[in-house]
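Residue numbers (my numbering), protein chains in the order written: chain A, 1046 to 1887; chain B, 29 to 687. The C-beta atom is built at its ideal place from N, Cα and C for all residues, glycine as well. Each remark here refers to the structure printed beneath this line.
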């Protein structure tokens, strides 16, 4: 029987007698799932839906006719005719015994235990009326262990193994394991004495007792906190979580397996990256620059300066002299109002956002470039995919929760993974093939794979358009250009063909690539040929949304072409330096740290007549601004974010804005009113109402509907035919010469822009800027781990800590983007070209 | 055998208070290897099946406490009742042992034993308390004496070993439940590293092992045995075929001592792996141009592809092993020449590659169309000369070599008939191989013994055979075939393959008369240490055991490596107490086919995906495709983790006391 047949044969139904009633379920279903599906309650303690059943607590026991001993319902599949009893005196005694075993020597620290009130052991003990433990003669207290962002108390640990399993099955790390045997066993890091992991805190979230607690000490009792469901402010996955507040203090973030797209998974940024909201560094009042120094002013003064200055400059130099740059963490409502005020109130059309400035064809121009084939499939495709392809993405570091979604699917469906990257990026579970290509030869490699798929015996039938560009190159020449052998290209093609319908993930390496659009076109063709889909990783929580809202020069909300005054996109900073743009409004962005050639950005901002910034922090950009307006963070306002699959989700206000800070939409609404526009919006939902009425794709969204769960935007022709693009298969010209090393600039697992650097746990986990370099290059340069290296490009030079790693091949380094003092983007040329550097010991 | 007491597998024989001559027989137990070296002897044994007493002196209460302690030390801590329950039991028993016990303790113990054994995750918790319950039940008087303060601790020794029925049946002693659990947990790398602790040959074993483990799998008492063998292949393939790094050898060549191994077969490769990982410099001398021994030459490509074997051996070589090809030991190199070159140890792993004679007239006549099984398999697999096309092939023999020859010639387009002198029931080949051969169209003629090869002009035209019938059982327990007089008849054929067994070619031993030779032409070595009478010469694999299994050879390779290590480190070459307990466990029996296991059945073993029938018969492509990860995890979840602890009570002969 072939594997295929075996899978077909599994889909049979099985009938069992459950507590006297006949029930039918698909073969392979466990007794526990059968019971739950039929409304029969069997108590559990270690069981967790997203994990393979563990079977450690032995509380879910049931009796099966004909068997002497009870069996565990979580790990036992049903078999035909099985007669199961879920409640009996014998079972009750045994179940109570299991708790008695666990309560043996379990400290009665409930009054001081962080988990008190939400402890599952406490609940089960009460529920099952257990009044005593099996006393043992030798209680041994073990001191609590400090694991950096986490803490472990062996005395409270019940060895349910949830932490161990979640770390392996969902996070793919395997940082924890049971060490030792029997009663003296302990949960221990596999990384040595110190826990050195992703610090996603999945272990913390699944611990049923107080054994694993947060390194950020919980300063409230569980019954004192108010939980507000909202969406993570960091990256573009759009994970839902609960903001836990005690009065006006944010005390922790908790996850919930039943809300949002993330199935209770969060990364370190999501779980521990909340300190910035209430950081001492937050701006609480407006500042106005007089001379070289900023002085505090009232909002009244600040707003009138803003309105007057913009009015003045418009009157004198025309609307073209005003530019707006928006950040990608603005909510849809912020972005919508901002562009509306600037377009309608000032008549300006120089409106942009940071990622669009870098790659307009993948942002505002996405639907012009790709039409129906826009590379934004929804996460639902993960379950349906025949295979996964990571192309230029580091799934363990950027948008890490997507990795959490993929792993259980690989576990349960054996979906094969292929990794293609310019660096040696790995993933757990392991890829079928990991191919490292020469940076710049991406499109040649894609063409090679398409060729291998569509020629020779067993060729896949493909439409002529999808294959056309690939035909310009042979598999062999693709191999020569990319450094991936012809044999390997053929094996990749063969594997993708066998599995069918690939889901191709394109990471920041693609988005930031000089040939990013060509790569996405090529991969869209590849997906199309095999009936697959693509997902483009986005950097920030609302990168997709701010583009959808028309925070872009050529497009109005919903990607309608901007009429009349020609769209004046391109390089805002060049036009400031040319003297064409005199005033810049920057909302929720820090281009002096995050745009290419940060040195030139700073020069431009210094040269502008008037720079106004809304920001929660005194960023590099804010320091150069004339007017600094304190803005509220994501937990201090209502609104919506649109994630990287185009799903609109609610963000909810859990705290009052810090000090006098205000949500951006309030600031720009007020500006609109001062400019004489009618701005009737009393709250964010009024704006959402207008968006739902006016923005194509967002029609019909309501607050009440979104409150029940996110909704996918209906982009033009979403889900239509994909592929069929011409793309350029020519490899990038290497620059070489004085700058022989290719630098890939990206985010670290712990840092993503201005928010994370104001979160002390994330600073503790990843303190300063670093450069990843291969052992061979490091050796040649005399660099050791922890040394400081100077990394220099044509545009700038920064000092970074050296990390020697297998991830960087010879001639390629990876530079952390978000160090405050050493911004990686200072190395990037303003024209969007590749980053070439030289490295030396500092 | 005659024992003082046994409750093994619930069969109670109590001879206490009787004269040894009146002892009732314990039928289930055939031997009790009591010698523990150094004048020590085992008098009692406690395990999952109960208690076995050989003789006085013994101390049941002390043994029970030590056994509970061993259970606690073996507990993986992955379920509540075993982790804590065995600790509570241990503590109560300690109290009794130290004179603090009460009568209530005994009833409390019985209650705890029931709760632990009824609810635990695996054998340690489920089966361990059985022996404790037997102790409480059949030795209540002994406990009463401790509680009343009459008796004090005896201070015997209690060596023990944690094993499992499958593990105990495996010549490598592989921790099978653990490697399967790793697969269940989605961690094939952890699985492979567990496998490698017992054998570096997961690729070959996972494809072509005789798998005695599966014949001792307790899951068979419920439905079907686990696919232990094929799960091993999954663990190997995962590392081999995916983006996974192979573990490096941090000790590579850190030690100056050189070790020579003769024959690049399974035993040498296994021994080389362990010694190289300890930093020793191993050189293997191979007379052929290819490594892999019997796997390379005897197992057809469709079972173990050459490329897969190449990668398996390449990894072992990468750890710091050198293979010198075309070196014929006894001619090109000798014991003396190797010692002169500074080799501190010589390991003989020369296998058995001489075909046994089938005793038919004309088998040495050099007829065209006559082959020895292992020679023709070698020629097909790695030979340069093509094998001429044959129309009708008779394969004489019923073992795995016969199956390999038959299936190979089916692929070469011949009609193939296996000629075997007993019946199908006695076929020694792996039943799976027999099944596959029939699937592929191999025919069988049973109860036929060859007497003469018929040839015309030097070309074979048929085989004269006698019809046999089965008589009395022989030493192997199989019924001996007896010829029917006057039943000679000729089976027409143009090719005859003799595949009835192999002998060892040990001419090189003539050089050193101090190494004794058995009557089957094998070097004599200590059965446990594999050291010969010459201290620096060790031997293992088929050249010691006669043609046996891959798994026996790799197990012996590992055993030899342990002994060689002791020798190189200047220690006494001897087996440990733990290994003695292992032998005791194996002798008493780790698996009870009749045990009624409290587990619902009906969870079917995963089907192995295979290539199409067309490809099977018309090519040498590997037949089995291997499990997908989903299949492997599902199959692994069927494992019941039948871990068990066996413990001996050991006393010194002279004093009756432990040391």
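The alpha helix (DSSP H) enclosing residue i, as first and last residue numbers
i: residue 368 of chain B; result: 363-368
i: residue 1250 of chain A; result: 1247-1251
i: residue 1092 of chain A; result: From DSSP, residue 1092 of chain A is part of no alpha helix (DSSP H); its letter is neither H nor E.
i: residue 406 of chain B; result: 401-410
Environment of residue i [buried if 16+ CB atoms lie within 10 Å]
i: residue 1192 of chain A; result: buried
i: residue 1141 of chain A; result: buried
i: residue 1049 of chain A; result: Residue placement at residue 1049 of chain A cannot be trusted, given a pLDDT of 40 that sits under 50; what the coordinates show is reported in the next sentence. So residue 1049 of chain A counts as exposed.
i: residue 356 of chain B; result: exposed
i: residue 1725 of chain A; result: exposed
i: residue 1658 of chain A; result: buried
i: residue 130 of chain B; result: exposed
i: residue 1642 of chain A; result: buried
i: residue 1053 of chain A; result: Here residue 1053 of chain A scores only 44 on pLDDT, less than 50, and its place in the model should not be relied on; the value that follows carries that caveat. Looking at its Cβ environment, which holds fewer than 16 other Cβ atoms inside 10 Å, residue 1053 of chain A is exposed.
For residue i, three-class secondary structure by DSSP
i: residue 523 of chain B; result: strand
i: residue 1875 of chain A; result: coil
i: residue 551 of chain B; result: strand
i: residue 1287 of chain A; result: strand
i: residue 1063 of chain A; result: strand
i: residue 68 of chain B; result: strand
i: residue 1717 of chain A; result: helix
i: residue 627 of chain B; result: coil
i: residue 1274 of chain A; result: strand
i: residue 1446 of chain A; result: helix
i: residue 289 of chain B; result: strand
i: residue 559 of chain B; result: strand
i: residue 82 of chain B; result: coil
i: residue 671 of chain B; result: coil
i: residue 1053 of chain A; result: Any answer about residue 1053 of chain A is weak, because its pLDDT of 44 lies below 50 and its placement is not dependable; what the coordinates show is given next. Looking at residue 1053 of chain A - three-state DSSP - the assignment turns out to be helix.
Endpoints, beta strand (DSSP E) assigned at residue i
i: residue 484 of chain B; result: 476-484
i: residue 1881 of chain A; result: 1880-1886
i: residue 641 of chain B; result: Run containing residue 641 of chain B: none in the beta strand (DSSP E); it sits in the alpha helix (DSSP H), 641-646.
i: residue 492 of chain B; result: 487-501
i: residue 188 of chain B; result: 188-191
Ignoring anything shorter than 3 residues, give me the beta strand (DSSP E) runs that lie fully in the segment 1462-1494 of chain A, in order along the chain. 1462-1466 and 1478-1481
Inside the segment 1747-1798 of chain A only - alpha helix (DSSP H) runs reaching at least 4 residues: 1748-1752
Using a Cβ cut-off of 9 Å, which residues of the segment 213-246 of chain B contact any Cβ in chain A, in chain order? 213, 214, 215, 216, 217 and 218
Chain A contacts made by the segment 263-280 of chain B, where a contact means CB separation under 8 Å: 266, 269, 270, 271 and 272
Under 7 Å, CB to CB, which of the residues in the segment 1134-1145 of chain A have a partner in chain B? 1139, 1142 and 1143
Can you list the alpha helix (DSSP H) stretches of 4 or more residues lying completely in the segment 1603-1645 of chain A, in chain order? 1617-1622 and 1636-1639
Complete beta strand (DSSP E) runs within the segment 1202-1238 of chain A (minimum length 3 residues, chain order): 1221-1224 and 1231-1234
Of the residues that make up the segment 169-203 of chain B, which ones have a beta carbon closer than 8 Å to any beta carbon in chain A? none
Residues in the segment 97-125 of chain B having any Cβ partner in chain A nearer than 9 Å: 99, 100, 101, 102, 103, 104, 105, 106, 107, 108, 109, 110, 111, 112, 113, 114, 115, 116, 118, 119, 120, 122 and 123
Give, in chain order, every residue of the segment 1216-1231 of chain A whose Cβ lies closer than 8 Å to some Cβ of chain B. 1219, 1223, 1225, 1226, 1227, 1228 and 1230
Return the residues of the segment 1450-1464 of chain A that lie within a Cβ-Cβ distance of less than 8 Å from chain B, sorted by chain order. 1455, 1456, 1457, 1458, 1459 and 1464
Taking any Cβ of chain A, which residues in the segment 532-551 of chain B have a Cβ under 8 Å from it, in chain order? none
If you scan the segment 1805-1856 of chain A from start to end, which runs of the alpha helix (DSSP H) of 4 or more residues do you find wholly inside it? 1805-1810 and 1820-1826
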